[in-house]
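Q:
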Amino acid sequence: MLGMPAERPAADFTIDQDWPAYAPDEHQRWRTLFRRQEAQLVGRAATEFLAGLDILGTAGDGIPDFQRLNAILWPRTGWRVVAVPGLVPDAVFFAHLAARRFPAARFIRPAERMDYIQEPDVFHDVFGHVPLLANPIFADFMAAYGRQGLAALGRNRLDNLARLYWYTVEFGLIRTPQGLRIYGSGIVSSRAEVLYSLEDPRPRRIAFDLERVMRSRYRIDAFQETYFVIDDYRDLFAALDRDLSAIYKRVAARPALAPGEACAEDRCIPLAAEARP
Ligand code: HBI
Ligand code: FE
Numbered sequence: 024m025l026g027m028p029a030e031r032p033a034a035d036f037t038i039d040q041d042w043p044a045y046a047p048d049e050h051q052r053w054r055t056l057f058r059r060q061e062a063q064l065v066g067r068a069a070t071e072f073l074a075g076l077d078i079l080g081t082a083g084d085g086i087p088d089f090q091r092l093n094a095i096l097w098p099r100t101g102w103r104v105v106a107v108p109g110l111v112p113d114a115v116f117f118a119h120l121a122a123r124r125f126p127a128a129r130f131i132r133p134a135e136r137m138d139y140i141q142e143p144d145v146f147h148d149v150f151g152h153v154p155l156l157a158n159p160i161f162a163d164f165m166a167a168y169g170r171q172g173l174a175a176l177g178r179n180r181l182d183n184l185a186r187l188y189w190y191t192v193e194f195g196l197i198r199t200p201q202g203l204r205i206y207g208s209g210i211v212s213s214r215a216e217v218l219y220s221l222e223d224p225r226p227r228r229i230a231f232d233l234e235r236v237m238r239s240r241y242r243i244d245a246f247q248e249t250y251f252v253i254d255d256y257r258d259l260f261a262a263l264d265r266d267l268s269a270i271y272k273r274v275a276a277r278p279a280l281a282p283g284e285a286c287a288e289d290r291c292i293p294l295a296a297e298a299r300p
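The working numbering puts the sequence shown at residues 24 to 300.
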């Protein structure tokens, strides 16, 4: 409400979710978004994502109470969801991830912005990010990402890690015996990009390569021109479970790549890709 004092976040930007304060029309907007995305993700989202959605019981009954989510999530992978006002500074974000806390925006998008929002809201953060935190391998990767993010802060390598986050956590694809599937939160929570990412011939789909991802710029206001494809979530954890100094040096020595730019060493993945036998 106008004039209401803004929530004063703590030093780590957490606020009280105050679940009872959500209005009926806010729960209704969650239900609309949830049912719309759930309907188009069957057969398109990775099975681990769909399994996570079930486990978290965010069946479209309204904006989840983070305390209830955490009672399910924490025993499985040690992760908890904490409420924040919106985007938090990178240093704060990484510190939360390293401590297995996912900072989820408390607000839900307004009715006039149901299709796309620039800043993550509770639907993007909880529907998009939380289900895979129930998967032990992905949960370990996200904690490793937080640790590497804190290390990168001190070495001014943030842009490299932000690119990794963008092209995996937000817009990643995975190859399965049944074909390409979506695990990126930015895609699963986007009405239009689900089909585009799996079926449109225009974007390039290339095999995940850590250095290639770290060199690749991205745009936040348009569909991706390049998607990176993994074969297993272990590929992500393995990529970060080591000292990245030498990689940062090699990446810094080569020019950054534009979002849709091709590279000689790219391993292109055809649309009808099936997992390697
Ligand atoms: N803050 N709440 C929130 N959620 C995010 O996803 C987020 C953020 N701050 C920074 C950020 N993401 C990205 O810049 C990461 O690449 C670090
Ligand atoms: Fe996100």
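Backbone N, C-alpha and C fix where the C-beta goes; we use that ideal spot for every residue, glycine too.
What you are looking at is a predicted structure, and each value in this text was computed from that prediction instead of being measured.
Excluding the 5 residues preceding and the 5 following Phe125 in the sequence, name in chain order all residues of the same chain whose CB lies nearer than 8 Å to its CB.
A: Locating residue 125 in the sequence shown gives position 102, counting from the first residue. Cβ within range, chain order: Trp102, Arg103, Val104, Val105, His119, Asp148, His152, Val153, Leu156, Met165.
Q: Closer than 6 Å to a non-hydrogen atom of the ligand HBI - does that hold for the CB of Phe194?
A: Here residue 194 refers to the residue found at position 171 of the sequence shown. No, Cβ of Phe194 sits at least 6 Å from all heavy atoms of the ligand HBI.
Q: Output the distance between the C-alpha atoms of Gly224 and Leu294, rounded to the nearest integer angstrom.
A: Counting from 1 along the sequence shown, the entry for residue 224 is found at position 201. Counting from 1 along the sequence shown, the entry for residue 294 is found at position 271. A small correction: the amino acid at residue 224 is Pro; Gly does not occupy that position in the sequence shown. Their backbone Cα atoms lie some 7 Å apart in a straight line.
Q: Suppose contacts are defined by Cβ-Cβ distances below 7 Å. Is His50 in contact with Gly85 by that definition?
A: The residue you call residue 50 lines up with position 27 of the sequence shown. The residue you call residue 85 lines up with position 62 of the sequence shown. Yes, these two residues count as a Cβ contact at 7 Å.
Q: Suppose contacts are defined by Cβ-Cβ distances below 7 Å. Is Ala128 in contact with Val145 by that definition?
A: For the purposes of this step, residue 128 is taken as residue 105 along the sequence shown, with counting starting at 1. For the purposes of this step, residue 145 is taken as residue 122 along the sequence shown, with counting starting at 1. Going by C-beta atoms, Ala128 is nearer than 7 Å to Val145.
Q: Under the three-state reduction of DSSP, which class applies to Phe146: helix, strand or coil?
A: The residue given as residue 146 occupies position 123 in the sequence shown. Helix at Phe146.
Q: Using the beta-carbon count (16 or more within 10 Å), is Leu218 buried or exposed?
A: Sequence index remark: in the sequence shown, residue 218 carries index 195 (1-based). Exposed, by the Cβ-count rule.
Q: Does Pro300 come out as helix, strand or coil in the three-state DSSP assignment?
A: As a first step, residue 300 must be located in the sequence shown, where it is residue number 277. With a pLDDT of 49 at Pro300, under the threshold of 50, the predicted position of this residue should be treated as unreliable, though the coordinate-derived value follows. Coil at Pro300, not helix or strand.
Q: How is the beta strand (DSSP E) around Tyr250 delimited, first residue to last?
A: Numbered from its first residue, the sequence shown carries residue 250 at position 227. Taken as a continuous stretch (DSSP letters only), the beta strand (DSSP E) holding Tyr250 covers 249-253.
Q: Taking contact to mean at least 3 C-beta pairs separated by less than 8 Å, is the stretch 56-73 in contact with the stretch 30-47?
A: No, because fewer than three Cβ pairs between the stretch 56-73 and the stretch 30-47 fall closer than 8 Å, the two stretches do not touch.
Q: Taking 6 Å as the cut-off, is the beta-carbon of Pro200 closer than that to any non-hydrogen atom of the ligand HBI?
A: For this step, residue 200 is matched to residue 177 along the sequence shown. Outside the cutoff, so no.
Q: Between Pro98, Pro278, Phe150, Phe194, which lies nearest to Asp88 when the distance is taken from Cα to Cα?
A: Locating residue 88 in the sequence shown gives position 65, counting from the first residue. Selected option, being the one with the closest Cα: Phe150.
Q: Beta carbon of Leu116: closer than 6 Å to some heavy atom of the ligand HBI?
A: As a first step, residue 116 is located in the sequence shown; it is residue number 93 there, counting from the start. The question names Leu, but residue 116 is Phe in the sequence shown. Yes, the ligand HBI has a heavy atom inside 6 Å of this Cβ.
Q: Only counting the same chain, and skipping five residues up and downstream in sequence, which positions put a Cβ closer than 7 Å to that of Arg238?
A: As a working note, residue 238 is residue 215 in the sequence shown. Excluding residues within five positions, the ones whose Cβ falls inside 7 Å are Val274, Arg277, Ala279, Leu280.
Q: In this structure, what does DSSP give as the bridge partners for Cys291?
A: By 1-based counting over the sequence shown, the position of residue 291 is 268. Answer is Ile229, bridged to Cys291.
Q: Can Val111 be considered in contact with the ligand HBI, in the sense that its beta carbon sits closer than 6 Å to one or more heavy atoms?
A: In the sequence shown, the residue the question calls residue 111 occupies position 88. Val111 Cβ: within cutoff of the ligand HBI.
Q: Mind checking which residues open and close the alpha helix (DSSP H) that includes Pro47?
A: In the sequence shown, the residue the question calls residue 47 occupies position 24. 47-64 is the extent of the alpha helix (DSSP H) around Pro47.
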